[in-house]
Amino acid sequence: SNKANLDMVTTGASNITTISQTNGTGSMGQGIKLRVDGTGNTTSISQDGVLDHSADVKVVGDGNTVTVNQQAGYSTGQYAKIDLDNTGGSANTVTVNQVGLNNTLSLGVNSTTSGTTTLPDGTTVVVPTVIYSVTGNSATAVIDMNNLGATPSLANILL
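Every letter in the sequence shown is one number past the one before it in this note's numbering, and letter 62, counting from 1, is 63.
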């Protein structure tokens, strides 16, 4: 079985990072582990193929945009873990799109609210902003909007 893994760190400001993994063979799928440190970074991850994929992203800083698109997981589905671990950080946007069976999302947000952003449909919302879409059967999502477990989270928008 073949497995394509990527472990990467980006640092600084205004970086544009695009990662694409397609196809592959074997039962293990493809994995991405990414840490984004800095301000105003745009990160796009695309995983597509017949195997099960995983994306583990940690974002530290302000004004970062992260988009994860996962397509066609086969048996155990796609797994996306996103951690906005930026106490004092603000204005971050996360979009996760999963298509296939048995998808899992684990999202922790630890971010302050500062300002607004305009969504693709033209709607203006307070940031941080999380957009999650899933198409397929047996999906599970755990979204912790303050990354504190059971503690209530206030003034967040989830679309």
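Where a beta carbon is used, it is the ideal one built from N, C-alpha and C, also for glycine.
What's the call for residue i, buried or exposed, on a 16-neighbour Cβ count within 10 Å?
i, result
"SER2", "Caution is warranted here: a pLDDT of 44 is assigned to SER2, below 50, making its placement in the model unreliable, and no coordinate value can be reported."
"THR105", "buried"
Hey, quick one: how far does the beta strand (DSSP E) through residue i stretch, first residue to last?
i, result
"LEU53", "Going by the sequence as given, residue 53 is Asp instead of Leu. Neither: ASP53 is in no beta strand (DSSP E) and is coded neither H nor E."
"GLN79", "No beta strand (DSSP E) contains GLN79, which DSSP labels as neither H nor E."
"ALA142", "141-145"
"THR136", "130-136"
"GLY101", "94-101"
Out of the options, point me to the one whose CA is closest to residue i's CA.
i, options, result
"GLY101", "VAL61, ASP53, ASP145", "ASP53"
"MET9", "ASN65, VAL60, THR23", "VAL60"
"LEU35", "ILE132, ASN6, ASP49", "ASN6"
"ALA161", "ASP49, ASP57, GLN79", "The structure shown does not extend to residue 161, since the chain spans only 2 to 160, so no value can be given for it."
"ASP145", "ASP122, THR23, LYS82, ALA92", "LYS82"
"GLY62", "ILE33, THR94, ILE46", "THR94"
Measuring straight from C-alpha to C-alpha, what distance separates residue i and residue j?
i, j, result
"GLN31", "THR136", "20 angstroms"
"THR12", "THR130", "22 angstroms"
"THR44", "VAL67", "5 angstroms"
"GLN99", "ASN16", "25 angstroms"
"GLN71", "SER21", "10 angstroms"
"ASN65", "ASN138", "31 angstroms"
"SER107", "VAL143", "5 angstroms"
"PRO121", "THR23", "26 angstroms"
Who pairs with residue i in a beta bridge, going by DSSP?
i, result
"ASP8", "LYS34"
Check whether chain D comes within 9 angstroms of residue i, counting only Cβ atoms and requiring the distance to be less than that.
i, result
"SER45", "The structure shown contains no chain D; it is built from a single protein chain."
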